[in-house]
């Protein structure tokens, strides 16, 4: 997902007054990040979950690669995600976290919600029976 840092609540676009752009990359876990153009590495960094690439040439297509979080410090060639961007203005690139990578598709979480809901209904029903018993007396 790309979030542009442009002007809010306006109909136009901002005028580029500088001859460079800054790209901020947010990754969900600590991993390696690489900024590439035409197969060549422009910049790379590792060991963090937030990166800032400053002074990048505007008007060029770049590819941002996120390395595998399990292999931090190793080659980004085994990247887990990539994002193509056209750098016109300063931008923030956010890589979304992988949801339920364990393969259970959220089954255990759904089961916990079901058990919790049943317990809440049971407690409410017992409370209503106790209240009804008190009101009869």
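In the working numbering, the protein residues as written are 62 to 198.
For each residue, glycine too, the CB sits at the ideal point set by N, CA and C.
As the structure is a computational prediction, the values presented were derived from the model and not from experiment.
Query, Result
"Rounded separation between residue 189 and residue 173 - CA only", "24 angstroms"
"Rounded separation between residue 106 and residue 96 - CA only", "9 angstroms"
"Residue 162 in three-state terms, based on DSSP", "Any answer about residue 162 is weak, because its pLDDT of 49 lies below 50 and its placement is not dependable; what the coordinates show is given next. It is coil, neither helix nor strand."
"Beta-carbon proximity check, residue 123 vs residue 146, cutoff 7 angstroms", "yes"
"Cβ separation of residue 109 and residue 91, assumed to be a contact under 8 angstroms, to the nearest whole Å", "6 angstroms"
"Inter-residue Cα distance where the pair is residue 161 and residue 89", "With a pLDDT of only 47 at residue 161, under 50, the local geometry of the prediction cannot be trusted, and the value read off the model is given with reservation. For residue 161 and residue 89, the distance between alpha carbons rounds to 13 angstroms."
"Classification of residue 93 by the beta-carbon crowding that lies within 10 angstroms, buried from 16 upward", "buried"
"Residue 150 in three-state terms, based on DSSP", "coil"
"Alpha-carbon spacing of residue 143 relative to residue 157, whole angstroms", "11 angstroms"
"Span of the beta strand (DSSP E), counted from its first residue to its last, around residue 89", "82-98"
"Residue from 81, 151 and 125 whose Cα sits closest to the Cα of residue 101", "125"
"C-alpha distance - residue 98 paired with residue 121, whole-angstrom precision", "8 angstroms"
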